Structure formats: structure tokens, C-alpha cells
Amino acid sequence: MDVATALRTRGSTRAFLSRPVDPAAIAALLELARYAPSGSNIQPWRVHVVTGAVRDEICATVRARAARADAPPLWPYAYYPPTWREPYLSRRRACGWGLYGLLGIGRGDRDAAKAQELRNFDFFGAPVGLFFFIDDDLGPGSWLDYGMFLQSVMLAAVAAGFATCPQAAWAPYHAEIRARLGVPASQVLMCGMALGYADPEAPVNRFRPERLPVPDFATWHGAPA
Ligand SMILES: Cc1cc2nc3c(=O)[nH]c(=O)nc-3n(C[C@H](O)[C@H](O)[C@H](O)COP(=O)(O)O)c2cc1C
-5 MDVATALRTR GSTRAFLSRP VDPAAIAALL ELARYAPSGS NIQPWRVHVV
45 TGAVRDEICA TVRARAARAD APPLWPYAYY PPTWREPYLS RRRACGWGLY
95 GLLGIGRGDR DAAKAQELRN FDFFGAPVGL FFFIDDDLGP GSWLDYGMFL
145 QSVMLAAVAA GFATCPQAAW APYHAEIRAR LGVPASQVLM CGMALGYADP
195 EAPVNRFRPE RLPVPDFATW HGAPA
């Protein structure tokens, strides 16, 4: 698969088949992603792959915690702005409503929305979960590097016939996840990622949120040579 096709066809998958993934194929994705660039080549990524009983245990622990109304999520970093403003507010709403529309979740149906949120903590049925950690003394530059690594994992996955969903939703449950994986408190859980084979029948996997046209975000200066 060429890069253009991988870029166009990658999408966040939220329903997976239970079909297992060959561990050698997971290793091959990481083998490719390690070519991602990073400032001064410091390669800040630390990846944990969870499958089988470990995956199931983490899912059960986090689902139980996330379902509790008396235990609000504790974000280890600010993924989103503290208050939403335009144009981001409208884009965020369009994304949420588009997703809920495909799932048949009506506006204001909090129970159904909560149930969908909890699906994150089953990796949407994917047999493989990835957790991405970064040392807590590394700054925004390293987080920038990390984004390139994450996209590299996802593009390599598409090219190999897999589907993914990056999941910041796991981050507030860093304490439970670090405890199970033996990761020290000096590492921040940046996000998780579901990895597996997409369920081709699931309507939710048809969700393709719109993108801005290039003139809406790019400004050209000077005439072409
Ligand atoms: C770092 C990151 C974290 C995300 N976290 C979640 C998540 O927790 N749950 C989820 O369903 N989607 C999550 N997404 C998926 C976004 O909603 C999705 O990328 C966006 O709507 C664009 O859609 P696409 O990925 O299908 O192109 C995340 C995406 C990124 C890049």
C-alpha cells in the first residue's frame, strides 16, 4: 500500500472482530514505527502491548472504575482546553453527533453515551491493546515527536491490513494501568490504542468525520517559482 492510500484509508475503528492478531505482526508494526523522527533522535516512546489475560484484567479494572459515578477521571495532562471555544467547539460537537447518529444514540441520552464511552475500556472488542507512556520530565517537543510515532504505528497497521483506534480515554486511569504493568509513576500514560481486525458489518465503522479543505487552514505567501 502506498502512503497516500494509507493516509486516506486510516480511520478510527470502534468495532473489532475477536480474531486474534499474530504477535509477530504486532512486532512488525513497532519495527516500522521506530523509524519515526524525533528531535535530536531521543525517541521518547515507551510502548506496552497487552493481550490475553492481562488485557482482560486491565479492561475489567478500568471499566469498573470508569462506571463509578463517585470517582471522577483524573487526567494526568490537559488533553483538551479547560473551556471550549469556536471553531473547536463546533468541530467537536459535529464529531460527537456524527458518531452518536451512526450508533443510534439520541441527543441527551446520557446512559447510551456513557455505555459507548465504556466501550473504550474493552478496546472496542480488539484483542490487542497498546499503551503509550512518556517520561514525565519530557516537554512539548517530545510530545510532538510522539504524535508522529503514533501515526506511524497506525499507518503501518493499515498497510498490514489492521485497524486501530487511538484512545486518550485510557489516560485518566493511569494509576490502575501503571500498577498492573509495573510502570513507574515517573512515566505519564499518554494514550492507549486498540488494534485488531475491523468488523466490516458494524455501522459505527462507517464514521468518517469531515476534514477542513486545505484553504481553511493553509496560508500561501509568495508566487510559485
Ligand atoms: C490522540 C488521540 C486520542 C483519541 N482518543 C479517542 C478515544 O479515547 N476514544 C475514541 O473513540 N476516539 C478517540 N480518538 C479518535 C478521534 O475521535 C478521531 O481521530 C477523529 O474523530 C478523526 O477521525 P478518524 O480518526 O476516523 O479520521 C482519538 C484520536 C487521537 C489522535
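Numbering (my numbering), first residue to last: -5 to 219. No residue lacks a Cβ here, since even glycine has one placed at the ideal position from N, Cα and C. Given the structure is predicted, the values throughout are model-derived calculations rather than measurements.
Would residue i count as contacting chain B if we go by Cβ distances under 8 Å?
{"i": "Asp105", "result": "The displayed structure is made up of one protein chain only, and chain B is not part of it."}
For the beta strand (DSSP E) containing residue i, list its first residue and its last residue.
{"i": "Pro160", "result": "Ala157 to Gln161"}
{"i": "Gln181", "result": "Gln181 to Gly190"}
{"i": "Arg40", "result": "Arg40 to Val44"}
Following the continuous alpha helix (DSSP H) through residue i, name the residue where it begins and the one where it ends.
{"i": "His168", "result": "His168 to Leu175"}
{"i": "Tyr74", "result": "Taken as a continuous stretch (DSSP letters only), Tyr74 belongs to no alpha helix (DSSP H), as it is neither H nor E."}
{"i": "Leu96", "result": "Tyr82 to Leu97"}
Return the chain-ordered list of same chain residues with a C-beta closer than 8 Å to the C-beta of residue i, the five sequence neighbours on each side being excluded.
{"i": "Gln181", "result": "Arg40, Phe127, Ile128, Asp129, Asp130 and Arg172"}
{"i": "Leu112", "result": "Arg57, Ala60 and Ala61"}
{"i": "Leu149", "result": "Val(-3), Ala0, Leu1 and Arg4"}
{"i": "Pro31", "result": "Asp139 and Met142"}
{"i": "Arg101", "result": "Trp91 and Tyr94"}
{"i": "Arg86", "result": "Trp78"}
{"i": "Tyr82", "result": "Pro75"}
Quick test of your reading: residue i and residue j, contact by CB under 8 Å. State the CB separation rounded to the nearest angstrom.
{"i": "Thr7", "j": "Ala192", "result": "5 Å"}
{"i": "Thr213", "j": "Ala188", "result": "That pair is no contact at about 36 Å."}
{"i": "Ala9", "j": "Gly119", "result": "6 Å"}
{"i": "Val15", "j": "Val122", "result": "5 Å"}
{"i": "Val44", "j": "Ile20", "result": "About 11 Å; that fails the 8 Å criterion."}
{"i": "Arg174", "j": "Glu51", "result": "6 Å"}
{"i": "Gly190", "j": "Leu11", "result": "7 Å"}
{"i": "Phe125", "j": "Gly46", "result": "Their Cβ separation, rounded to whole angstroms, is 15 Å, which puts Phe125 and Gly46 out of contact at 8 Å."}
{"i": "Thr55", "j": "Glu170", "result": "5 Å"}
Excluding sequence positions up to five away, which residues of its chain have a Cβ less than 6 Å from the Cβ of residue i?
{"i": "Tyr(-5)", "result": "It should be pointed out that residue -5 corresponds to Met in this sequence rather than to Tyr. Hits under 6 Å: Ala153."}
{"i": "Gly95", "result": "none"}
{"i": "Phe117", "result": "Gly123 and Ala188"}
{"i": "His168", "result": "Pro70 and Leu183"}
{"i": "Asn114", "result": "Gln161 and Ala163"}
{"i": "Cys53", "result": "Phe115 and Asp116"}
{"i": "Arg49", "result": "Gly123"}
Report all residues from its chain with a CB closer than 7 Å to the CB of residue i; omit the five preceding and five following residues, and keep chain order.
{"i": "Pro166", "result": "Pro67, Leu68 and Trp69"}
{"i": "Pro197", "result": "Leu96"}
{"i": "Ala223", "result": "Residue 223 lies beyond the range of the chain shown here (-5 to 219); nothing can be said about it."}
{"i": "Ala106", "result": "Ile99"}
{"i": "Glu204", "result": "none"}
{"i": "Gln110", "result": "Leu97 and Ile99"}
How do the segment 75 to 95 and the segment 127 to 142 stand: do at least 3 beta-carbon pairs fall below 8 Å, yes or no?
no
Runs of alpha helix (DSSP H) lying entirely within the segment -2 to 32, each at least 4 residues, in chain order:
17 to 27
Jot down the residue ranges of each uninterrupted beta strand (DSSP E) in the segment 99 to 158, minimum 3 residues, whole runs only, in chain order.
122 to 129
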